[in-house]
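Residue numbering for the sequence shown is 314 to 550, as defined by my numbering.
Each residue gets a CB set at the ideal place from its N, CA and C atoms; glycine is no exception.
Read through the structure below, which is laid out as structure tokens, and then see the notes.
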Amino acid sequence: MPGRALTLRLCLYALVVAHFSESPAPAVDNLLTNPAFESPLAPCWEERTPEDETRTLRRVEEVGRDGSAAVLENLQPCYTRLRQGADRSIVIERGSLVELSAWVRSEMTDEARITLQIYCMDDKDGILAQPRSPAMSGTFDWTRASVWTIVPEGTLYTMAYVQVQEGTGKVAFDDVELVVRQKPMPRPPAPKIVLLSDLLDDGLCLTNLKTLFEDGLVQAAPDDASTLPDASGVLVL
Ligand SMILES: [Ca+2]
314 MPGRALTLRL
324 CLYALVVAHF
334 SESPAPAVDN
344 LLTNPAFESP
354 LAPCWEERTP
364 EDETRTLRRV
374 EEVGRDGSAA
384 VLENLQPCYT
394 RLRQGADRSI
404 VIERGSLVEL
414 SAWVRSEMTD
424 EARITLQIYC
434 MDDKDGILAQ
444 PRSPAMSGTF
454 DWTRASVWTI
464 VPEGTLYTMA
474 YVQVQEGTGK
484 VAFDDVELVV
494 RQKPMPRPPA
504 PKIVLLSDLL
514 DDGLCLTNLK
524 TLFEDGLVQA
534 APDDASTLPD
544 ASGVLVL
């Protein structure tokens, strides 16, 4: 009965489509603590620029996109920064593609530059990457801001900043997220390059060849042809 078979196939197809369309998107872990500011700022959120006569940095209840928000106020034009991660607690696999995002509402003057910033730091607290989101200014309602980066080789820990530079007025941040959008892509093996040579191991030429061809460089004696069959190239020096 072809009609019945077709009906069964269509039912099966509908079940499969329903299964996949109803499956929730995979959860993405937010690497930040207290991202919605529903708890006191300290100890996770740190005033990178302490309060003084030019600025305040505070958690304010019932002004957030939901619940509380972090509110940075420039009483005078200055650089006001709130951060998380200087304690080296945020460790992300190198080569990962990450996004820092937040919802922002502003009552700042037009001179203000409101940004999010990611810092990727090495084991000596050196900066390996420090991308910022496009700057926003003036007065606007809740708007999502974000910045992306690939965590560089050598990164030990990562920090997240919400900040405003110059201008006066208040800016509120809520629902900050630092998430891995894509794990590192495996690198394809380097093409095999056979080096038929008696170059010295500590010579500059050999050092440069190793940098250029990485693990693909295979050294062989000048008269050794056994490594050639699967090679992508041969150097005779
Ligand atoms: Ca909130």
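Is residue i a contact residue of ligand 1, with contact defined as CB to any heavy atom under 6 angstroms?
i, result
"Ser-352", "no"
"Gly-377", "yes"
"Gly-380", "yes"
"Asp-487", "yes"
"Ala-349", "yes"
Quick one: give me the first and last residue of the alpha helix (DSSP H) that residue i is part of.
i, result
"Leu-525", "517 to 526"
Could you have a look at residue i and say whether DSSP puts it in helix, strand or coil?
i, result
"Gly-546", "strand"
"Gly-529", "helix"
"Leu-358", "According to the sequence as given, residue 358 is Trp; it is not Leu. Trp-358 falls in the coil class under three-state DSSP."
"Ser-334", "In this predicted model, Ser-334 has a pLDDT of only 49, less than 50, meaning its place in the structure is not dependable; the value taken from the coordinates is given anyway. Of the three classes helix, strand and coil, the one that applies to Ser-334 here is helix, per DSSP."
"Glu-261", "Only positions 314 to 550 of the chain appear in this structure, which leaves residue 261 out of reach."
"Met-498", "coil"
"Ala-382", "strand"
"Arg-426", "strand"
"Gln-443", "coil"
"Ser-402", "coil"
"Ser-450", "coil"
"Val-460", "strand"
"Asn-387", "strand"
"Leu-325", "For Leu-325, the predicted model reports a pLDDT of 45, less than 50, meaning its position is unreliable; a value from the coordinates is still stated below. Leu-325 falls in the helix class under three-state DSSP."
"Asp-536", "coil"
"Asp-435", "coil"
"Asp-514", "coil"
"Asp-365", "strand"
For the beta strand (DSSP E) containing residue i, name the first residue and the last one.
i, result
"Lys-483", "482 to 495"
"Ser-419", "410 to 421"
"Arg-372", "368 to 373"
"Val-475", "470 to 478"
"Pro-507", "For clarity, residue 507 is Val in the given sequence; the question names Pro instead. 506 to 509 is the span of the beta strand (DSSP E), which, as asked, contains Val-507."
"Thr-393", "392 to 397"
If contact is defined by three or more beta carbon pairs under 8 angstroms, each pair taking one atom from either stretch, is the segment 490 to 502 in contact with the segment 402 to 414? In this structure the segment 402 to 414 touches the segment 490 to 502; the number of beta carbon pairs closer than 8 angstroms is three or more.
Please confirm if the segment 389 to 400 is in contact with the segment 444 to 455, defined as three or more CB-CB distances below 8 angstroms between the two stretches. Not touching, per the Cβ criterion.
Inspect the CB distances between the segment 378 to 385 and the segment 464 to 480 and report whether three or more fall short of 8 angstroms. The segment 378 to 385 makes contact with the segment 464 to 480, as at least three CB pairs between them are under 8 angstroms.
Is the segment 499 to 517 touching the segment 460 to 473, taking contact as three or more C-beta pairs under 8 angstroms? They do not touch, by the three-pair rule.
Counting pairs of Cβ atoms below 8 angstroms between the segment 419 to 426 and the segment 478 to 486, do you hit three or more? In the pairwise beta carbon analysis, the segment 419 to 426 is classified as touching the segment 478 to 486: at least three pairs are separated by under 8 angstroms.
Could you check whether the segment 497 to 505 touches the segment 432 to 443, counting it as contact only if at least three pairs of C-beta atoms, one from each stretch, sit closer than 8 angstroms? No: fewer than three Cβ pairs fall under 8 angstroms.
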